[in-house]
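S.K.: 20 is the number that the UniProt record's numbering gives to position 20 of the sequence shown; each next residue is one higher, with no gaps. Ideal Cβ positions, reconstructed from N, Cα and C, are used throughout, including at glycine. The structure displayed is predicted, hence computed values, not measured ones.
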Amino acid sequence: MTKRSDDSRPKMPRTPSSPPSPPPADVEARVRELLAQKKKIEAIKLYREATGCGLKEAKEAVESL
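(1) Comparing alpha-carbon positions, which option in Ala58, Lys56, Lys38 and Tyr47 lies nearest proline 24?
(2) Just to confirm, are lysine 41 and alanine 58 a CB contact at a threshold of 8 angstroms?
(3) Could you name the residues of the same chain whose beta carbon sits closer than 8 angstroms to that of valine 31, not counting the 5 residues immediately before and after it, in chain order?
(4) Which of helix, strand or coil does DSSP assign to leucine 46?
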């Protein structure tokens, strides 16, 4: 059995994604509360659920609050 390297697959060009929409005010307030409680991971999870953005985008957005 041979191993298939990911490099053998054709590369798909990355399309720039649009910036995530800002969360509703109540979600932003809850994210700030979680950050104040040192619960950064929970804040990122909440932000992702509310906006539908990816992990990287959510992390950056939460860190910018």
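M.R.: With the given structure in hand:
(1) Counting from one through the sequence shown, the residue named residue 24 turns up at place 24. Considering only alpha carbons, the answer is Tyr47.
(2) Here residue 41 corresponds to residue number 41 of the sequence shown, with the count starting at 1. Here residue 58 corresponds to residue number 58 of the sequence shown, with the count starting at 1. Correcting the residue identity first, residue 41 is isoleucine in this sequence and not lysine. No, these two residues do not count as a Cβ contact at 8 angstroms.
(3) Stepping through the sequence shown from its first residue, residue 31 is reached at position 31. Within the same chain, valine 31 has close Cβ partners Pro23, Ala43, Leu46, Tyr47, Val62 and Leu65.
(4) Walking along the sequence shown from the start, residue 46 turns up at place 46. If DSSP states are grouped into helix, strand and coil, leucine 46 belongs with the helices.
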